[in-house]
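Report on the following structure.
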Amino acid sequence: MAAPMFLLASRHVVSAISLLVLGIICSCIRCDAFFLTGSSLRLSPSPVAFRAEISLLSEALTSSDACQNDTSTHARATHQTLFTMSEGERLRFQYDFDELVLSGNVSTVGSTAPTHAVLLLHPIGVGIGRWYYDRLVESLEKDYNRPNRLTSEGVRFVFLVPDLLGSGSASAPIAPDGNDAMLQLPLLKVSDWANQLQDLMADYEARSESKSHPIGQWTVVANGGCSPIALEVARSFADGTAPFTAEVHNVVLSSPPRLPFFLESADPEKVKKSYRTLSGVVGKLFWWYALRKDGSFIQRFSEKNLVGRAENLGDQWTKNCVAVAKLNDGRSRYSTFSFLAGSLQEGCKKSLDALKNSHVQFSFIRGTDRRRNRARSWFWQRRKKSAGKVKVEKKKENNDDEAEKTIEQYAKENGNGGETEYIGGRISLAHEDPDGYAAALALHLLL
765 MAAPMFLLAS RHVVSAISLL VLGIICSCIR CDAFFLTGSS LRLSPSPVAF RAEISLLSEA
825 LTSSDACQND TSTHARATHQ TLFTMSEGER LRFQYDFDEL VLSGNVSTVG STAPTHAVLL
885 LHPIGVGIGR WYYDRLVESL EKDYNRPNRL TSEGVRFVFL VPDLLGSGSA SAPIAPDGND
945 AMLQLPLLKV SDWANQLQDL MADYEARSES KSHPIGQWTV VANGGCSPIA LEVARSFADG
1005 TAPFTAEVHN VVLSSPPRLP FFLESADPEK VKKSYRTLSG VVGKLFWWYA LRKDGSFIQR
1065 FSEKNLVGRA ENLGDQWTKN CVAVAKLNDG RSRYSTFSFL AGSLQEGCKK SLDALKNSHV
1125 QFSFIRGTDR RRNRARSWFW QRRKKSAGKV KVEKKKENND DEAEKTIEQY AKENGNGGET
1185 EYIGGRISLA HEDPDGYAAA LALHLLL
């Protein structure tokens, strides 16, 4: 009886540890964190094998292949960038991005038609990458091959969907003087992701110019907690520091957080401390727990917090999350840990002030399911100390009006538009209602 009793006790210990780790992690995350997007690197598995493995909506494409018809081209390309991270480390990243070119037909779009480029930023979370927008890309391509407002405008549209640093194919950087992928990524911040995108935009502009398709303007689209990245990219153009030259015409934010997220900033030291904790044993146990049993925890969490109806996830959501989370020995966990630690909560006041009364328009896409997520993070809650109660409560009283205001209202008062379109779904709108999202995005692009 000793052996069975020992095995039973061991199971209880493992279960207890799992619940403890889950409790620790869930106490310091926001529920949108799970979806809430030169020389080659050593990727395992390779990007092509990975694309085939996770069952994409389009064919697996190499950088030299494309799926093309008379009006659209859907391809995948690889980009490499070398820059200094916010933490001071100089790293070389190589990553993939999807490209959808909607060139129209000869009668509506000529060879010299202006090009409107749209950058789609996927959410950051467990196993999320550029595949998050696969359904939307399919809907955009399908709609464009039928007469609609976009085809009648005589504009060439290009949609770029990159893996953000630390996610998917971009999770295995190497030092410029080395050849092996880093085992652990540094803390990623808003400026790191924004620099990645600005570098991609500048490179794409140069390549488009060489093909006689100069980029006329950009639209940057982000979801939920990644909104600060889109705003930072727009700010860089407004203040003249951007490496790209075409104007940022519009910033489209879907499922945006509440206004305090944009106006308040986190304690940088607390963010660093949280990241160190998550990058250790606690984070490894959490990653194991999230992926065990074919991602059953991811499935349950997503059904409960991210979609209006469970069937909106589809058959591939959890499979894709698990496959991407395992890519490069699971190193995409470090972008998720950066998010969970609060690196995106730097405050957007600088960006909002720089864009005030500018030509940049803010547009929004929200779901008709307005339920609030119940998961809360200690990081996002104001901790009240007995000595500071009076001061905290006074601040809250003075900011009641500001706290109840939405980001849309703030944008309108800031002179940046603030138009909102409502579609089906709750949080992960581009995945839940891709047709509705495509239609809403088309309206914002034609503002």
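Position in the sequence shown (from 1) plus 764 gives the number in our numbering.
Backbone N, C-alpha and C define an ideal beta-carbon position, used for all residues, glycine too.
Three-state secondary structure assigned by DSSP to glutamate 1168: helix
Close beta carbons around glutamate 1172, own chain, < 7 Å, minus the five adjacent residues each side: In the same chain as glutamate 1172, and ignoring 5 residues on each side of it, the C-beta atoms closer than 7 Å to its own belong to Phe1128, Gly1182, Thr1184, in chain order.
Alpha carbon to alpha carbon, how far is aspartate 967 from threonine 845? Rounded to whole angstroms, aspartate 967 to threonine 845 spans 10 Å at the Cα level.
Distance, Cα to Cα, arginine 856 vs phenylalanine 847? 7 Å
Please check the pair proline 978 and threonine 1132, which I expect to be a contact at CB under 8 Å, by giving their CB distance rounded to whole angstroms. Between threonine 1132 and proline 978 the Cβ distance is about 39 Å, and since that is not below 8 Å, they are no contact.
So does the region 1018 to 1030 actually touch the region 1077 to 1090, counting three or more Cβ pairs closer than 8 Å? no
Under 9 Å, do methionine 965 and valine 997 count as touching if we go by C-beta distance? In this structure, methionine 965 lies near valine 997, with their beta-carbon atoms less than 9 Å apart.
Outcome for leucine 1017 when other beta-carbon atoms lying within 10 angstroms are tallied against a minimum of 16: buried
Which term fits asparagine 959, buried or exposed, when burial requires 16 or more other beta carbons within 10 angstroms of its beta carbon? buried
What is the DSSP secondary structure of serine 836, reduced to helix, strand or coil? strand
Applying the 10 Å Cβ sphere with the 16-neighbour rule, what's the burial state of alanine 939? exposed
Quick one, are the C-beta atoms of aspartate 862 and histidine 843 less than 9 Å apart? no
Considering Cα atoms alone, identify which of Arg1040, Ser931, Pro950 is closest to glycine 852. Pro950
Can you say whether aspartate 860 is buried or exposed, counting buried as having 16 or more other CB atoms within 10 angstroms of its CB? buried
Tell me which residues share the same chain as valine 1012 and place their Cβ nearer than 6 Å to its Cβ, disregarding the 5 neighbours each side in the sequence. Trp982, Ala998, Phe1001, Val1124
Got a sec? Which residues, its chain only, sit under 7 Å from tryptophan 957 by beta carbon, not counting five neighbours each side? Leu928, Leu929, Ile993
Give me, in chain order, the residues of the same chain whose beta-carbon lies closer than 8 Å to that of lysine 1120; leave out the 5 immediate sequence neighbours on both sides. Asn1178, Gly1179, Asn1180
Closest by CA to valine 989, which one among Phe1103, Pro1032, Phe1008? Valine is not the amino acid found at residue 989; the sequence shown has glycine there. Selected option, being the one with the closest Cα: Phe1103.
Within the continuous beta strand (DSSP E) that includes proline 926, where are the two ends? That run of the beta strand (DSSP E) goes 920 to 926.
Leaving out five residues on either side along the sequence, give the residues of the same chain with a beta carbon under 7 Å from the beta carbon of leucine 900. Ala1194, Pro1198, Tyr1201, Ala1202
How would you label serine 991, buried or exposed, when you count the other beta carbons within 10 angstroms and need 16 or more for buried? By the neighbour-count rule (16 or more Cβ atoms within 10 Å), serine 991 is buried.
When burial is assigned at 16 or more other CB atoms within 10 Å of the CB, is valine 865 buried or exposed? buried
From proline 1007 to histidine 886, what distance separates their C-alpha atoms? 22 Å
Going straight from the alpha carbon of alanine 877 to that of alanine 970, what length do you get? 17 Å
Which complete alpha helix (DSSP H) runs does the region 1041 to 1099 hold, if anything under 4 residues is left out? 1045 to 1069, 1081 to 1090
Can you give me the C-alpha to C-alpha distance between glutamine 962 and leucine 883, rounded to a whole angstrom? 10 Å
Residue nearest to glycine 1004 in terms of C-alpha spacing, selected from Glu1196, Leu1042, Ser850, Ala1118: Ala1118
Whose CA, out of Glu1196, His1208, Ala1030, lies closest to the CA of serine 903? Glu1196
For arginine 862, the three-state DSSP class (helix, strand or coil): A small correction: the amino acid at residue 862 is aspartate; arginine does not occupy that position in the sequence shown. It is a strand residue.
Pick helix, strand or coil for arginine 999, following the three-state DSSP scheme. helix
Take the Cβ of valine 1045 as the centre, count every other Cβ of all protein chains shown within 10 Å, and call the residue buried at 16 or more, exposed below. exposed
Return yes when the Cβ of leucine 1055 is within less than 9 Å of the Cβ of alanine 1010, no when it is not. no
Does DSSP classify glutamate 1028 as helix, strand or coil? Annotated three-state conformation of glutamate 1028 is coil, per DSSP.
For arginine 856, list the residues DSSP reports as bridge partners. Leu846, Ile938
Rounding to the nearest angstrom, what Cα-Cα distance links glutamate 1033 and leucine 924 in this structure? Distance from the CA atom of glutamate 1033 to the CA atom of leucine 924, rounded to whole angstroms, is 34 Å.
Can you tell me where the alpha helix (DSSP H) with methionine 968 in it begins and where it stops? Before going on, a small fix: residue 968 reads as tyrosine here, not methionine. Start and end: 954 to 974.
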